[in-house]
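For the sequence shown, our numbering begins at 329 and goes up steadily by one. Using N, Cα and C, we set each Cβ at its ideal position, and we do this for glycine too. To start, the structure itself, in structure tokens.
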Amino acid sequence: MSRQCPSCDSYNDADALHCNQCGSPLVAGGGAARNSPAVFSGWVLVLLV
Numbered sequence: 329m330s331r332q333c334p335s336c337d338s339y340n341d342a343d344a345l346h347c348n349q350c351g352s353p354l355v356a357g358g359g360a361a362r363n364s365p366a367v368f369s370g371w372v373l374v375l376l377v
């Protein structure tokens, strides 16, 4: 069975670790790591203001 990318919804090989279209990680927990820098940079901006 193929794996669907949570970011771009494309289908990948069952053993793929990253999406072949957008490069996003297909393993559990990959999405949180990708979103963390944006959240962190938002807090830095708030703290600087």
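Restricting to Cα atoms, I'd like to know which of the options is closest to residue i.
i	options	result
Q349	D343, A342 and S335	S335
Please state whether DSSP places residue i in a helix, a strand or coil.
i	result
P334	coil
N348	coil
Which same chain residues end up closer than 6 Å to residue i when comparing Cβ atoms and leaving out the 5 residues on each side of it in sequence?
i	result
R362	For R362, the predicted structure reports a pLDDT of 45, less than 50, and the residue's modelled location is therefore unreliable. A value from the coordinates is still provided. Closer than 6 Å at the Cβ level, and outside the excluded window around R362, lies no residue.
To which residues of the same chain is residue i closer than 8 Å at the C-beta, ignoring the five residues directly before and after it?
i	result
V355	L345
Under 7 Å, Cβ to Cβ, is there at least one residue of chain C near residue i?
i	result
N348	No chain C appears in this structure, which consists of one protein chain only.
So, for residue i: in the same chain, excluding its five sequence neighbours on each side, which residues have a beta-carbon less than 7 Å away from its beta-carbon?
i	result
N340	S330, R331, C333, C347, N348 and L354
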